[in-house]
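Numbering (the working numbering), first residue to last: 167 to 505.
Virtual Cβ for every residue (Gly too), placed ideally from N, Cα, C.
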Amino acid sequence: MEDKQRELGGKEKEEEHAKVEIWKYVFGFVEIAVVKCAIELGIAEAIESHGSPMTLLELSSALRCDPSPLYRIMRVLVHLKIFKEKPATQLGPKVYTQTPLSKRLLKSGQNSMAALILLESSPVMLAPWHGLSARIQGNIRNPVFEEVHGEDLWSFGAANPDHNKLFNEAMACDARVHVPAVIESCLEVFKGIETIVDVGGGDGSTMRLLVEACPWIQGINFDLPHVVSVAQECDRIENVGGDMFDCVPKADAVIIKWVLHDWGDDECIRILKKCREAIPEDKGKVIIVEAVIDEKDEKEDIKLTNVRLMLDMTSNVFLSISLSFNVLTTYETEPMDGS
Numbered sequence: 167m168e169d170k171q172r173e174l175g176g177k178e179k180e181e182e183h184a185k186v187e188i189w190k191y192v193f194g195f196v197e198i199a200v201v202k203c204a205i206e207l208g209i210a211e212a213i214e215s216h217g218s219p220m221t222l223l224e225l226s227s228a229l230r231c232d233p234s235p236l237y238r239i240m241r242v243l244v245h246l247k248i249f250k251e252k253p254a255t256q257l258g259p260k261v262y263t264q265t266p267l268s269k270r271l272l273k274s275g276q277n278s279m280a281a282l283i284l285l286e287s288s289p290v291m292l293a294p295w296h297g298l299s300a301r302i303q304g305n306i307r308n309p310v311f312e313e314v315h316g317e318d319l320w321s322f323g324a325a326n327p328d329h330n331k332l333f334n335e336a337m338a339c340d341a342r343v344h345v346p347a348v349i350e351s352c353l354e355v356f357k358g359i360e361t362i363v364d365v366g367g368g369d370g371s372t373m374r375l376l377v378e379a380c381p382w383i384q385g386i387n388f389d390l391p392h393v394v395s396v397a398q399e400c401d402r403i404e405n406v407g408g409d410m411f412d413c414v415p416k417a418d419a420v421i422i423k424w425v426l427h428d429w430g431d432d433e434c435i436r437i438l439k440k441c442r443e444a445i446p447e448d449k450g451k452v453i454i455v456e457a458v459i460d461e462k463d464e465k466e467d468i469k470l471t472n473v474r475l476m477l478d479m480t481s482n483v484f485l486s487i488s489l490s491f492n493v494l495t496t497y498e499t500e501p502m503d504g505s
């Protein structure tokens, strides 16, 4: 009898939870829309430049916008714990202040993630998500991005400079977050390497961080010609344009970060074969940096698992990939700032 009552009580709690939880999905788009708005308005920049907490009127004046709709935006951002709100006192009205999270909305800086958010929330990148069910049902054979925009992700970038610029800036955000963690956790891997090529290196952010941390290394930043054409010139780094499916520049080692998840098994094998051809037979290294979903690890941080699952779904929408694979050997890095 007691077991049945506990079971009934558990079901009632689940039902009550569901009644509330479902609204999170009804209005799930609101959070990213509000965060995008905050970046475009420059809310974090305004408070940072002010140098101290700001009242609503000070903030609206700095942003040159109506305080009433701004208040509603700030109310959501405070609820999301992106900004903090200090209540009014006898000395003055309530004020808004920065948090470590809001500082990641700054458009520049070591920890900025603004470009990555603007990329993923752009109309170009949002449109393919509406074809997800058709993709799963097999009604769309090509990646949804290609069906929507008429060309693959890489060709679209080559033909649209503004999108390409935002994409490169977004990848630079990722590099600033993850490359220091890789270097800190796996520095031994880079010892003894004199030259290294970054395959799919984008604007060169990864290579710049790597040669700065490892001054004995000469780097090659390798990507498609239209990508490296806007890469920053830097001492000890050569920018080389080309196609990784054709040839990879020769070096002691290859690093390939967040590239393989963009491709299916057959394409990955082709890429890795080209990487193998680029390094010495006796001492060469291919260093792969990827996010891995460990479905057997019950101790894994649920927030990290969520990020990896979302990345996997993103690949499913934008690219043509296989969704299951086996990982043979991995070096784990400590997550930086919960990423």
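Exercise. In the DSSP assignment, what residue or residues form a beta bridge with Gly407?
Worked result: Translated into positions along the sequence shown, residue 407 becomes position 241. Asp389, per the DSSP bridge assignment.
Problem set entry | Cβ neighbours of Pro219 in the same chain (closer than 7 Å, five flanking residues each side left out) | Translated into positions along the sequence shown, residue 219 becomes position 53. The answer, listed in chain order, is Lys252, Val261, Tyr262 and Thr263.
For this session: Can you tell me which of the three DSSP states Cys231 falls into?
Result: If you number the sequence shown from 1, residue 231 lands on position 65. It is coil, neither helix nor strand.
Exercise. Is Arg374 buried or exposed, if buried means 16 or more other CB atoms sit within 10 Å of its CB?
Worked result: Residue numbering aside, residue 374 sits at position 208 when the sequence shown is read from its first letter. It is buried - the Cβ of Arg374 has at least 16 other Cβ atoms within 10 Å.
Exercise. Once you ignore the five residues that flank Ser288 on each side, which residues in its own chain have a CB closer than 8 Å to its CB?
Worked result: To locate residue 288, count along the sequence shown from 1; it is residue 122. So the qualifying residues of the chain are His329 and Leu332.
Problem set entry | Classification of Ala325 by the beta-carbon crowding that lies within 10 angstroms, buried from 16 upward | In the sequence shown, residue 325 corresponds to position 159, counting from 1. It is exposed - the Cβ of Ala325 has fewer than 16 other Cβ atoms within 10 Å.
Problem set entry | Range of the contiguous alpha helix (DSSP H) that encloses Asp364 | For this step, residue 364 is matched to residue 198 along the sequence shown. Asp364 -> not in any alpha helix (DSSP H); beta strand (DSSP E) instead, spanning Thr361 to Val365.
Problem set entry | Continuous beta strand (DSSP E) stretch holding Ala419: start and end | Counted from its first residue, the sequence shown places residue 419 at position 253. Taken as a continuous stretch (DSSP letters only), the beta strand (DSSP E) holding Ala419 covers Ala419 to Lys423.
Exercise. What are the boundary residues of the beta strand (DSSP E) that Glu251 is part of?
Worked result: Taking the first residue of the sequence shown as 1, we reach residue 251 at position 85. Looking at the DSSP string, the run of the beta strand (DSSP E) that includes Glu251 is Lys250 to Lys252.
For this session: Provide the residue span of the alpha helix (DSSP H) that contains Ile302, from first to last.
Result: For the purposes of this step, residue 302 is identified with residue 136 of the sequence shown, where counting begins at 1. Its alpha helix (DSSP H) spans residues Leu298 to Gln303.
For this session: Specify whether the region 184-200 and the region 265-277 touch according to this definition: at least 3 beta carbon pairs, one from each stretch, less than 8 Å apart.
Result: no
Problem set entry | Within 9 Å, strictly: CB atoms of Ile349 and Val420 | If you number the sequence shown from 1, residue 349 lands on position 183. If you number the sequence shown from 1, residue 420 lands on position 254. It is not a contact, given that the beta carbons lie outside the stated cut-off.
Problem set entry | Met479 versus Glu178: straight-line alpha-carbon distance, rounded | Your numbering for residue 479 matches position 313 in the sequence shown. Your numbering for residue 178 matches position 12 in the sequence shown. Roughly 32 Å between the two C-alpha positions.
Exercise. Do you know offhand how far Tyr497's Cα is from Ile453's?
Worked result: As a working note, residue 497 is residue 331 in the sequence shown. As a working note, residue 453 is residue 287 in the sequence shown. Confidence is the limiting factor: at Tyr497 the pLDDT is only 47, short of 50, which leaves the residue's position unreliable, though a coordinate-based value still follows. Approximately 10 Å, taken between the alpha carbons.
For this session: Kindly provide the ranges of any beta strand (DSSP E) runs that are 3 or more residues long and lie completely inside the region 434-460, ordered along the chain.
Result: Qualifying beta strand (DSSP E) stretches, in chain order: 451-455.
For this session: State the Cα-Cα distance for the pair Arg143 and Gln256, rounded to the nearest angstrom.
Result: The question about residue 143 has no answer, for the chain in this structure spans 167 to 505.
Exercise. Quick one: what's got a C-beta closer than 6 Å to Asp503's C-beta in the same chain, skipping five residues either side?
Worked result: Position 337 of the sequence shown, counting from 1, holds the residue named residue 503. Low confidence applies to Asp503: its pLDDT is 46, below 50, so where it sits in the model is not reliable, and the reading given next is rough at best. Closer than 6 Å at the Cβ level, and outside the excluded window around Asp503, lies no residue.
Problem set entry | His183 versus Ser226 - alpha carbon distance | Translated into the one-based positions of the sequence shown, residue 183 becomes position 17. Translated into the one-based positions of the sequence shown, residue 226 becomes position 60. Going by the C-alpha atoms only, they are around 38 Å apart.
Problem set entry | Three CB pairs or more closer than 8 Å across the region 285-303 and the region 225-245 | no
Exercise. Would you call the region 312-326 and the region 354-370 in contact, with 3 or more CB pairs under 8 Å?
Worked result: no
Exercise. Looking at C-alpha atoms only, which residue of Met476, Asp389, Glu354 and Trp382 is the closest neighbour of Ser371?
Worked result: Position 205 of the sequence shown, counting from 1, holds the residue named residue 371. For Ser371, the nearest C-alpha among the options comes from Asp389.
Exercise. Where does Met220 fall in DSSP's three states?
Worked result: For the purposes of this step, residue 220 is identified with residue 54 of the sequence shown, where counting begins at 1. Strand, per DSSP.
For this session: Please list, in chain order, all residues of the same chain as Glu399 whose beta carbon is under 8 Å from its beta carbon, the five residues on each side excluded.
Result: The count along the sequence shown starts at 1 and reaches residue 399 at position 233. The answer, listed in chain order, is Asn405.
For this session: Return yes when the C-beta of Ser299 is under 8 Å from any heavy atom of the ligand SAH, and no when it is not.
Result: Annotation note on the ligand SAH: not contained in the displayed structure, which lists no ligands.
Problem set entry | Distance between beta carbons of Trp189 and Val483, contact taken as under 8 Å | Counted from its first residue, the sequence shown places residue 483 at position 317. Counted from its first residue, the sequence shown places residue 189 at position 23. About 25 Å; that fails the 8 Å criterion.
For this session: Please determine, among Gly258, Ala338 and Asp364, the residue with the shortest C-alpha to C-alpha distance to Lys147.
Result: Since the first residue shown for the chain is 167 and the last is 505, residue 147 is missing from the structure and cannot be characterised.
Exercise. Do you know how far the Cα of Ile205 is from the Cα of Leu229?
Worked result: Indexing the sequence shown from 1 puts residue 229 at position 63. Indexing the sequence shown from 1 puts residue 205 at position 39. Cα to Cα, the separation comes out at about 12 Å.
For this session: Express the C-alpha separation of Leu426 and Pro233 in angstroms, rounding to a whole number.
Result: Counting from one through the sequence shown, the residue named residue 233 turns up at place 67. Counting from one through the sequence shown, the residue named residue 426 turns up at place 260. Rounded to the nearest whole angstrom, the C-alpha separation of Pro233 and Leu426 is 46 Å.
Exercise. For Val261, which of helix, strand or coil comes out of DSSP?
Worked result: As a position in the sequence shown, residue 261 is number 95, starting the count at 1. Strand at Val261.
For this session: Look up Cys203 in the DSSP assignment and say whether it is helix, strand or coil.
Result: By 1-based counting over the sequence shown, the position of residue 203 is 37. Correct three-state label for Cys203: helix.
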